[in-house]
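Written out below as structure tokens is the structure these notes cover.
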Amino acid sequence: MKKKVLIFVMCNRKLLALRNNPQNPKHGGDFWFVVIGEVKKGENRIDAVKREIKEETGLNSKEILFLNWGSIYEWERDLCKELNFVSFVDSGNVTLNEEHTEYEWLDIGDFIERIKWYGDKKILGKVLEKALNKKQYFRKRKIKDYRNIFI
């Protein structure tokens, strides 16, 4: 099973939305989303969060909060377990890599409306509201299994 991280990037109570590069089919098409990536061999998830944010946005993580939340899904014939994090950054000066074409810093409502999200957007809003205050919404780890959901 591949280990992955999904990261909501926050700066000054705003969330970073990234527009996926539609010219790069490996990343799934033209939509707005967040930083996401694979945990490399010998790397822990916190180090992966820091690296992925730096690679995709040029930003440095100041503080990282595990959301006690994640998912299991299949992507390109691989089984993936993805854990969700929030990373707080000092600066909003983004430098995009080839994976993205645009970015916007949005308040929670606009962010939730903009991004592609398969789960319950009301729960997402509650999770992000708590995260703004550096708290977890879920007391126990919650992992949603999306395998076979789209068949």
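Mapped onto the working numbering, the consecutive letters of the sequence shown carry residue numbers 684 to 834. Yeah, the Cβ is synthetic: ideal placement off N, Cα and C, and Gly gets one too. All values reported here derive from a predicted model rather than from experimental measurement.
Span separating the alpha-carbon of residue i from that of residue j
i      : j      : result
Glu757 : Cys763 : 6 Å
Lys825 : Gln819 : 11 Å
Ile791 : Asn751 : 19 Å
Ile834 : Thr740 : Because Ile834 sits at a pLDDT of 45, beneath the cut-off of 50, its placement in the model cannot be relied upon, and the following sentence gives the value as read from the coordinates. Near 34 Å, if we compare the C-alpha coordinates of Thr740 and Ile834.
Asn727 : Asp793 : 32 Å
Lys709 : Arg822 : 34 Å
Ile806 : Asn816 : 16 Å
Asp713 : Gly725 : 32 Å
Ile755 : Asp773 : 31 Å
Asp655 : Arg696 : With the chain covering only 684 through 834, there is no way to say anything about residue 655.
Trp800 : Gly808 : 11 Å
Other residues of its chain near residue i: CB distance less than 6 Å, five sequence neighbours each side excluded
i      : result
Glu746 : Phe771
Arg797 : Ala700, Trp715
Met684 : Leu762, Lys764
Gly775 : Cys694, Trp788
Thr784 : Arg702, Asn704
Residue burial classification, residue i (beta-carbon count within 10 angstroms, cutoff 16)
i      : result
Gly753 : buried
Ser744 : buried
Asn703 : buried
Spatially closest choice to residue i from the options, by CA coordinates
i      : options                        : result
Asp761 : Tyr829, Ile736, Val718, Phe691 : Tyr829
Asp730 : Phe768, Glu759, Asn695, Gly711 : Phe768
Ile690 : Lys817, Phe821, Val732, Gln706 : Val732
Val718 : Tyr786, Arg822, Lys724, Lys813 : Tyr786
Leu766 : Glu781, Lys827, Glu782         : Lys827
Asn707 : Leu811, Val722, Leu698, Asn780 : Asn780
Cβ shell of residue i (< 7 Å), same chain only, five flanking positions each side left out
i      : result
Lys737 : Asn743
Arg734 : none
Sequence-distant residues of the same chain with beta carbon closer than 8 Å to residue i, five excluded per side
i      : result
Ala814 : Phe691, Met693, Leu748, Leu750, Val769, Tyr820
Checklist entry - Enumerated in chain order, which unbroken segments of the beta strand (DSSP E) with a length of 3 residues or greater are wholly contained in the stretch 707 to 782? => result 718 to 721, 744 to 758, 761 to 772
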